[in-house]
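In the working numbering, the protein residues as written are 1 to 109.
For each residue, glycine too, the CB sits at the ideal point set by N, CA and C.
Just so it is clear, the structure is predicted and the values come from calculations on it, not from any experiment.
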Amino acid sequence: MLLLTCPYCGVDAEETELHAGGEAHLKRFGPGASDEDFTAYLFHRENPKGVHFERWRHANGCGKWFHAARCTNTLEVFGTYKAQTTEPPKDLLDTIRAKRPGFRWRDLA
Ligand SMILES: [Zn+2]
């Protein structure tokens, strides 16, 4: 079972207490965007076998959205952090790189 720590209330929440919200850190496009950018925003998602950044909601707890970094292959959770960020915290990326040498996230080294 997936166990994630809510960064707002500190509770270790089981998967049944949470609601999955898909990929984290999507760049949103609206009116005025090119068809290509808008199509990518609506339909294209990462689907890695490995480290993935996801949105979760502590639905049966404080109700807030947060982000989690976990491995889709092993279910190892690297960490969770508040949703009001545009990219994962540096210390979390360093933790992931220490455990997964060579890991890169988008254009960040
Ligand atoms: Zn919570």
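Open item on the list: If I measure Cβ to Cβ from Glu15 and keep anything under 7 Å in the same chain, skipping five residues before and after, which residues do I get?
Closed with: On the sequence shown, residue 15 is found 15 positions in, with the first residue counted as 1. Once the five neighbours on either side are set aside, the close Cβ partners of Glu15 are Met1 and Leu2.
Task: Cβ-based neighbour list, Glu46, same chain, cut-off 7 Å, excluding 5 preceding and 5 following - done: The count along the sequence shown starts at 1 and reaches residue 46 at position 46. Taken in chain order, the residues that qualify are Glu23 and His52.
Open item on the list: Helix, strand or coil for Ala13? Go by DSSP, reduced to three states.
Closed with: Residue mapping note: residue 13 aligns to position 13 of the sequence shown, counting from 1. Collapsing the DSSP output to three states places Ala13 in a strand.
Open item on the list: Quick check: is any heavy atom of ligand 1 less than 8 Å from the C-beta of Val77?
Closed with: Residue 77 sits at position 77 when you count from the first residue of the sequence shown. Residue side-chain check: Val77 keeps its Cβ at 8 Å or more from all non-hydrogen atoms of ligand 1.
Task: Residues that DSSP places opposite Tyr81 in a beta bridge - done: Counting from 1 along the sequence shown, the entry for residue 81 is found at position 81. His67.
Task: Assigned secondary structure, Ala24 (DSSP; H/G/I helix, E/B strand, else coil) - done: Taking the first residue of the sequence shown as 1, we reach residue 24 at position 24. In the three-state reduction of the DSSP assignment, Ala24 falls in the coil class, being assigned neither a helical nor a strand state.
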